[in-house]
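Notes follow once the structure below has been shown.
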Amino acid sequence: VSVQLNIAASIVALSVGLPLGFYAAKRQGTKTDPTILISMLILYAMPVFFTAPFLILFFAVKLHWVPASGWNGMFSTQVILPALTIGIPGAAIFVRHMRASTLEVIGQEYIRTARAKGMSNFVINYRHVARNAFLPILTLLGFTLAGIFGGSLIVELIYGIPGVSRLSLDAIFQRDFPVLTALVLLGSLMLVLANLVIDIAYTIIDPRIRLK
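Position 143 of the sequence shown, counting from 1, maps to 143 under my numbering, and the rest follow consecutively.
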């Protein structure tokens, strides 16, 4: 359950953070750039115990669009609010990193060479700039997916989700050491698998990198 929840939250963070970070970098020097950064900083500074009740009050109580709590699978409407609660701060992190990475790539010599050759802005932005700017984000994404044991604890408690974080808290209070040991081993395995996926993804995105 925690894996499904954090995958959904990562999808929210990536789908919001990467385009906004790229757009903010392309709009550097205008009012749009600081507006996006300040807005994301405010959202990042909001604690989940404030964001979660606000989302429940607005979307569940006032508008009746989604359920307020419970869990019925990753593809149910019950995943929307907890995914937004976890994904919004993650999106703020991705915006900052994507913006910095994009600005670094834009200043490279091969980008100026591509413009000198007469390539269209679409090809330059999405084939050269965005693809290379995404490389540093892979490492951040891997650790985000690996950190599923604890980051969603408060969210799982607020929304009544029977996840790993809640299980670990119950095991601590009950002094269930076998369960705690299993959770630590599972968390270590997730970290190793995340790093493996990152290495494989690097070779797919950047052909210059090869696994040996």
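C-beta: ideal position from N, C-alpha, C; glycine also. Nothing here was measured: the structure is a model prediction, and the numbers come from that model.
| Item | Value |
| --- | --- |
| Cβ-based neighbour list, residue 158, same chain, cut-off 6 Å, excluding 5 preceding and 5 following | 52 |
| When 6, 191 and 206 are compared against residue 84, the one with the closest alpha-carbon | 6 |
| Whole-angstrom C-beta distance between residue 128 and residue 111, which should lie under 8 Å | 6 Å |
| Cα-Cα separation, residue 65 to residue 42 | 25 Å |
| Nearest to residue 205 (by Cα), restricted to the options 193, 126 and 4 | 126 |
| Sequence ranges, alpha helix (DSSP H) only - wholly within the stretch 102–150, length at least 4 | 109–116, 130–133 and 135–146 |
| Contact the stretch 172–189 vs the stretch 84–103: 3+ CB pairs below 8 Å | no |
| Contained beta strand (DSSP E) runs [length at least 3] in the stretch 2–46, N- to C-terminal order | none |
| Selected residue, minimal CA-CA separation from residue 81, among 160, 133, 29 and 136 | 160 |
| Proximal residues to residue 45 (C-beta, below 8 Å), its chain only, five neighbours per side dropped | none |
| Contact set for residue 167: own chain, Cβ-Cβ below 8 Å, skip 5 residues either direction | 179 and 183 |
| Outcome for residue 89 when other beta-carbon atoms lying within 10 angstroms are tallied against a minimum of 16 | buried |
| Buried or exposed by the 16-neighbour rule on C-beta atoms within 10 Å, applied to residue 14 | buried |
| Contact under 9 Å by Cβ, residue 95 with residue 21 | yes |
| Residue 166: first and last residue of the uninterrupted alpha helix (DSSP H) it sits in | 164–174 |
| Option nearest residue 140 by Cα separation, candidates 202, 4, 36 and 113 | 202 |
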